[in-house]
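Number of protein chains: 2
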Amino acid sequence: MGHKRSKTRTRAGTDLRGLLRVPGGEPVDLSGYDTRAAAAGPVDKAAGRAATAAIGAHLTGLQERLWAASTAGDRRRVLLVLQGMDTSGKGGTVKHVAGYLNPSGCRVRAFRAPTAEERRHSFLWRVEKALPHPGELGVFDRSHYEDVLVARVRELAPPAEIDRRYDQINRFEQSLTGGGVTVIKCFLHLSYDEQRRRLLRRLDRPDKHWKFDPSDIDDRALWPAYQEAYEIALERCSTPEAPWYLIPADRKWYRNWAVSRLLLEHLGDLDPRYPKADFDVAESRRRLLADRPR
Amino acid sequence: MGHKRSKTRTRAGTDLRGLLRVPGGEPVDLSGYDTRAAAAGPVDKAAGRAATAAIGAHLTGLQERLWAASTAGDRRRVLLVLQGMDTSGKGGTVKHVAGYLNPSGCRVRAFRAPTAEERRHSFLWRVEKALPHPGELGVFDRSHYEDVLVARVRELAPPAEIDRRYDQINRFEQSLTGGGVTVIKCFLHLSYDEQRRRLLRRLDRPDKHWKFDPSDIDDRALWPAYQEAYEIALERCSTPEAPWYLIPADRKWYRNWAVSRLLLEHLGDLDPRYPKADFDVAESRRRLLADRPR
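Chains as they are written, first to last, in my numbering: chain A, 321 to 614; chain B, 321 to 614.
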């Protein structure tokens, strides 16, 4: 799969998926991944923004084809899952990457702490309700992975239950891909220091105070526990069907480029087609031409 | 309301709302409205696109403030309702106007013929489920008005029931505005001839065939009945709380400009504010600065 040829890859030379994919089934050491790396990408902010805008234009066209195909019965769709520590840029990625797309084909959902009703159901219940429909691009800002991340760090469920969830997640995602959903999971990998800089920047700007919660500082004491929880999730849930991609996220322009590039590669491989007319085009044209203007 | 001063209006000189609002409670003659008019707007395509892009940038900022305010309890939100004949550009308006916005604060819903489940409920049921949440911008591509438009033309319900729906709609929209929803209803006013040109253009382009349905040509025989149904809806449901705006829609660049301008004027009057910090900013800064980089 990683080495299949596609128009997209041939055109741009590199398969970013192969470079950023986390190998599943083996221990992950996040400290070994550079949060400022810029694998195969633009080298500075200006180039990054230009490259992302160019990709955005391609994405818009592919999204329309995906939607058009769905009107003729194509069940395929795409789900982009964004995970990462506070300030890693999940919301910014939605704004800058999904912002290129037609909002009518996007289904964006941000998951917060589960409501009382959501807690009465399986942890996958609320996720299933938010899935993209055929032809759509779904974006999850946080996801079912919170149930093995914050749930693990803060011991919100018994260890044995959390342990079972990894397999439940894998089976769930397998059922999605089997049903025509391309699942693209991106871990926005941020450094401890860059988080501090971003939090300080939020404090400096009154128009960013609403994004700040002093408990974000308390959470930094749990940083090692969160990193470990991510390492376990990446190890156990990066599967051939639904791999995790590790996105160096200290530089926003690289993060946006990489996520949009991953979307482009996946959509390029899907290669959705405008459906052929299922009516007599010439006959319709004759009828319209015979319909005199008023 | 139409003459209240606002920053938005002062800046740009004109209140488009006053110019495009349909006076309710009196008969409407759609043939008296020019579908190629360009009231108070840019004069050609290039100027229109530039002006719309400039408005888009403002909208993005206002949308973020609306969302930010909702995190501090502000319940306000906006609902844009788009109605118009086939090819009038409802989908195009979503793409080009809502396309400027952050998709995570947008709730776009296209209404098609009701499903079996939807038909078992009141005609407002499915609409209520699709309403924007506080801080969001909702967009309806078609809406509850279909239940007094196609339902009237194709006699999908008894006349007495359709007659009752206008008041039900008015009460419903009044409850929305009372609950903090700014309702902006746009009728995209297209000419019979321009519809013919657009349908022919769809036939000319294989990548547009998926949007074409030969029954669209049959529907043209019902054009006068649809115009009359719109006239009645505009007369009976353009209320002070939730007025209808009549958008000349033969020229796409004017349509996009006018709808985005209406959004800007309404959001400008709402004037949502970033919430003030409810925590001790200096104390948080001290704590972060004391947190040594690793």
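Just so it is clear, CB atoms sit at the ideal spot from N, CA and C, and this is done for glycine as well.
TODO: Can you have a look at H509(B) and say buried or exposed, based on whether 16 or more other CB atoms are within 10 angstroms of its CB?
DONE: buried
Task: Under 7 Å from the C-beta of A388(B): neighbouring residues of chain A - done: W530
Task: Coarse secondary structure for K596(A), derived from DSSP in three states - done: coil
Open item on the list: Counting only Cβ-Cβ distances shorter than 8 Å, please list the residues of the region 410 to 427 of chain A near chain B, keeping chain order.
Closed with: G411, V414, K415, A418, G419, L421, N422, P423, S424 and C426
TODO: Answer yes or no: the CB of R525(A) versus the heavy atoms of the ligand PLP, is any distance below 8 Å?
DONE: As for the ligand PLP, it is missing from this structure, which has no ligand bound.
Task: Where A430(A) meets chain B, residues with beta-carbon distance less than 7 Å - done: S424
Task: Short Cβ contact (9 Å threshold) for G455(B) with R396(B) - done: yes
Task: First through last residue of the beta strand (DSSP E) which encompasses K505(B) - done: V501 to H509
Open item on the list: Using the Cβ count rule (16 or more neighbours within 10 Å means buried), how would you classify S580(B)?
Closed with: buried
- [ ] Give, in chain order, every unbroken run of the beta strand (DSSP E) that is at least 3 residues long and sits entirely within the region 533 to 603 of chain A.
- [x] 564 to 568
Open item on the list: So, under 8 Å CB-CB, V417(B) and W564(B) are touching, yes? Tell me the CB distance rounded to an integer number of Å.
Closed with: Wrong, their Cβ atoms sit about 17 Å apart, outside the cutoff.
TODO: Would you be able to state if there are at least three C-beta pairs under 8 Å between the region 380 to 391 of chain A and the region 537 to 545 of chain A?
DONE: no
- [ ] Determine the direct distance from the alpha carbon of N576(B) to that of D354(B), and round the result to whole angstroms.
- [x] 17 Å
Task: Collapsed DSSP secondary structure at G412(B) in the structure displayed - done: helix
Open item on the list: Bridge partners for L399(A) per DSSP, in chain order?
Closed with: G458(A) and V503(A), per the DSSP bridge assignment.
Task: Buried or exposed by the 16-neighbour rule on C-beta atoms within 10 Å, applied to H441(B) - done: exposed
TODO: Pick helix, strand or coil for R427(A), following the three-state DSSP scheme.
DONE: The answer is strand: DSSP assigns R427(A) an E or B state.
Open item on the list: Could you tell me the alpha carbon to alpha carbon distance between G425(A) and L400(A), rounded to whole angstroms?
Closed with: 13 Å
- [ ] Answer with yes or no whether the minimum CB distance from L340(A) to chain B is below 9 Å.
- [x] no
TODO: Could you have a look at V341(B) and say whether DSSP puts it in helix, strand or coil?
DONE: Reading the sequence as shown, one finds Arg at residue 341(B) and not Val. It is a strand residue.
Open item on the list: So the candidates are Y486(A), A450(A) and D513(A); which of them puts its Cα closest to the Cα of S351(A)?
Closed with: D513(A)
TODO: Could you list which residues in chain B have their beta carbon closer than 9 Å to that of S495(A), in chain order?
DONE: Residues of chain B passing the Cβ test: none, with the nearest at roughly 24 Å.
Open item on the list: Per DSSP, what are the beta-bridge partners of G404(B) in this structure?
Closed with: L508(B)
- [ ] Just the chain B side, please: which residues come within less than 7 Å of P534(A) by C-beta, in chain order?
- [x] F599 and S604
Open item on the list: Using the three-state DSSP reduction, which class does V417(B) fall into: helix, strand or coil?
Closed with: coil
TODO: On a CA-only basis, which of W573(A), P452(A) and L608(A) is nearest V501(A)? Give me that one, please.
DONE: P452(A)
Open item on the list: Short of 6 Å in beta carbon distance, which residues of its chain neighbour R329(A), apart from the five on each side in sequence? Order them along the chain.
Closed with: With a pLDDT of only 39 at R329(A), under the threshold of 50, the placement of this residue in the model should not be trusted; the figure read from the coordinates follows. Result list for R329(A): D335, in chain order.
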